[in-house]
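Protein sequence lines, in the order shown, are assigned to chains Z and U. The first sequence maps to residues 1 to 259 in our numbering. The second sequence maps to residues 1 to 318 in our numbering. In this text, a Cβ means the ideal position worked out from N, Cα and C, and glycines have one as well. What follows is a short report on a single structure.
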Amino acid sequence: MKIVVLVKQVPDSGVERTLRVDDNTVDRGSAGNVINEMDEYAIEEALRLREAHGGEVTLLTMGPEKAAESIRKALSMGPDGAVHVLDDALPGSCAPATSKVLAAALTTLEPDLVLCGSESTDGRVQVIPHMLAERLGIAALTGARKLTVDADAVTIERQTEEGYEVIRAATPAIVSVWDTINEPRYPSFKGIKAAKKKPVRTLSLADLGIAADEVGTAGATSEVVSHSRRPPRSGGAKITDEGDGGVRLVEFLATEKFV
Amino acid sequence: MAEVLVVVEHSTGTVKKVTLEMLTLARELGTPAAVVLGGPGTAAALTDKLGEYGAQRVYVAEHSDVDGYLVAPKAAVLASLVRDVQPAAVLLASTQEGKEIAGRLAIKLDNGLLTDAVAVAPDGTATQVVFAGSTIVTSRVTRGLPLVTIRPNSVTPSPAPASPELSTVDVTVDGSAKLATVVQRVAEAKGARPELAEASVVVSGGRGVGSADNFALVEELADLLGGAVGASRAATDSGFYPHQFQVGQTGKTVSPQLYLALGISGAIQHRAGMQTSKVIVAVNKDADAPIFDLTDFGVVGDLFKVVPQAAEEIRKRK
């Protein structure tokens, strides 16, 4: 089975993140950059499927040059290789343009199964799997907490507000996974060494037959008009419990009319 | 005035609150028109409520294909409706399904898309709060019509009674939209508490709650305040409370009138899910916990003393 895992390098969500002043895009220079956390669950799931069914696991990322660091890190978990879509025209791409690029790359890779995380910690938009499915004419099964693969089909179980659902589709298909699906492995020392030698193929927009003005800020279907820091919340009272903390808490709730 | 299509979120025969919020918002953008997507017989139970909140028209798209497969049929029906109606804007809820339908619609119509908006101006410019609540962004769609998903609890719903005209929408879904089959839907007992994303009051517990049994304290306070129960990732990862109640990054984003954090330190990943709450209250034994940077009222103390006393005090006042 040929599995492609979509991986995104994102600014570390544990530290301060900002938008750039000049072009309103995510500042990927100041914060530390890491693999989008949810993607590690997708990689882990792919590796488990490879262990059970054989085949190969290829990472696919779109991002700036320094995304190469995250690719190596992700490879150290065990995937066989990676494809990096890298082009000066890409920064500032909106979700529809991103899906156009990834769909073109997936067409060249011809996977049986595409795995990805349920959301990225920077954009949190959650639309890429269904946009890809729409473009490629294949099924998208999103938010999996459990995934099973048999001969020519995938079945997922996913949490809903009412309970859970079981969804099934023929392959090829795209499955996004939730962080309840598994526990990602830590790279071994051997894995880290091996990752350095694994093939990483770089594709440009020209390689994918996409024009520069279809992507990036030039081809964007939406734009940021303005952005500002949200004023910090302040002026709140803080008391130390001296035996009446619960009563005083309720007094506060009463002044705010919650009680 | 052109119509503004509001895609109705509904569950077990009731209109979800976010839909009423969207109808309220839609009045500022044009003539509100609700779109009901579901199996046969879905709309009948919903139209009165939709009219009460200002829907001038209800488009009814009912077919077993609509809910027998994941989102693709809904996007297909909506795309053809948008082409027919040429609305001023399309609003969907910023739920997983709402966003997914919107994503497919954006590709079908070659249209831009904005998600997680907390406000939309009459010209279609949307306001979003990003990066764990630290940054406010205004943005607009530059290709096509404003296609925006709205975060629940962002707008105060207000009634504006109307008698909606019903329009039946022809549902023809081809094979390409029927690839992901819903094999089974399992309902789990969820009790009387409001849904987390829609609740006006959320009481959450964190690592400081200490155990699954102790979450009874969190539940008790939530029930006394008519709220939903949430949990931090530390609490769900420790098995204190089920994952679907996790608030924060990789969990739910909530924006209630009141958020009460019990034994939660307030890591940035947790703040990502609750920072736009109107009033924030915390109880934590660590006076330096970052959650206190956000609170309107904070109690430094032992939650096992403070919370039972608060519960007792609320009961006394009732």
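According to the DSSP secondary-structure assignment, H84(Z) is paired through a beta bridge with T61(Z), T202(Z).
Spanning the alpha carbons of L196(U) and L258(U) requires a straight line of approximately 12 Å. Taken in chain order, the unbroken stretches of alpha helix (DSSP H) that lie wholly in the region 200 to 256 of chain U and span 4 residues or more are 215 to 224, 233 to 237. I138(Z) reaches chain U at L179, counting residues in chain order whose Cβ is nearer than 8 Å. No Cβ of chain Z is located within less than 9 Å of the beta carbon of I150(U). Taking a Cβ-Cβ threshold of 9 Å, the residues of chain Z close to K305(U) are D241, G243, G245, G246, in chain order.
Interface annotation, R233(Z): in contact with chain U, CB-CB separation under 9 Å. No Cβ-Cβ contact shorter than 9 Å links V137(U) with L81(U).
Beta bridge pairing from DSSP links D150(Z) with A153(Z). Q56(U) does not reach chain Z, its nearest Cβ partner there being about 28 Å away, counting only Cβ pairs nearer than 7 Å. Interface annotation, S204(U): not in contact with chain Z, CB-CB separation never under 9 Å. Straight-line measurement puts the Cα of V83(Z) at about 28 Å from the Cα of A102(U). Within chain U, the residues G112, L113, L114, S139, R140, V141, T142, R143 have their CB atoms less than 8 Å from the CB of S222(Z), given in chain order.
In this structure, the straight-line span from the alpha carbon of P199(Z) to that of G81(Z) is close to 5 Å. The three-state reading of DSSP puts L25(U) in helix, counting H, G and I together.
Distance from the CA of G68(U) to the CA of T181(U), rounded to the nearest whole angstrom, comes to 6 Å. Positions of the alpha helix (DSSP H) runs, each at least 4 residues long and wholly inside the region 203 to 248 of chain Z, are given as 205 to 208 in order along the chain.
When only Cα atoms are considered, T180(Z) and R20(Z) end up about 33 Å apart. For G236(Z), the chain U residues whose Cβ falls inside 7 Å of its Cβ are T295, D296, F297, G298, in order along the chain. Check the Cα spacing between R140(U) and each of T236(U), P122(U), V283(U), S134(U): the tightest is with P122(U). Beta-bridge analysis with DSSP links F297(U) to A237(Z), V281(U). When C-beta atoms of the region 185 to 202 of chain U are compared with those of the region 175 to 189 of chain Z, fewer than three pairs fall below 8 Å, so the two segments do not count as touching. For E183(Z), none of the residues of chain U pass the 8 Å Cβ criterion, the least Cβ distance being about 10 Å. Ranked by Cα distance from F258(Z), the options K278(U), R271(U), Q244(U), M274(U) are led by K278(U).
By the Cβ neighbour-count rule, P159(U) is exposed, with fewer than 16 other Cβ atoms within 10 Å of its own. Contact check for G206(U) against I264(U) passes: the beta carbons are separated by less than 9 Å. For G163(Z), the enclosing beta strand (DSSP E) has its first and last residue at 163 to 170. A Cβ-Cβ contact shorter than 9 Å links E165(Z) with R185(U). By the Cβ test, the region 49 to 58 of chain Z is not in contact with the region 23 to 41 of chain Z, since fewer than three Cβ pairs between them sit closer than 8 Å.
Residue pairing by DSSP places T138(U) opposite S226(Z), T127(U) in a beta bridge. In terms of Cβ geometry, G227(U) and V203(U) form a close pair [threshold 9 Å]. No Cβ-Cβ contact shorter than 9 Å links R233(Z) with S134(U).
Taken through DSSP and simplified to helix, strand or coil, P96(Z) comes out as helix. Taken in chain order, the members of the region 89 to 107 of chain Z whose beta-carbon sits within less than 8 Å of a beta-carbon on chain U are C94, A95, P96, S99. Taking every protein chain shown into account, the CB of G219(Z) has 16 or more other CB atoms within 10 angstroms, so this residue is buried.
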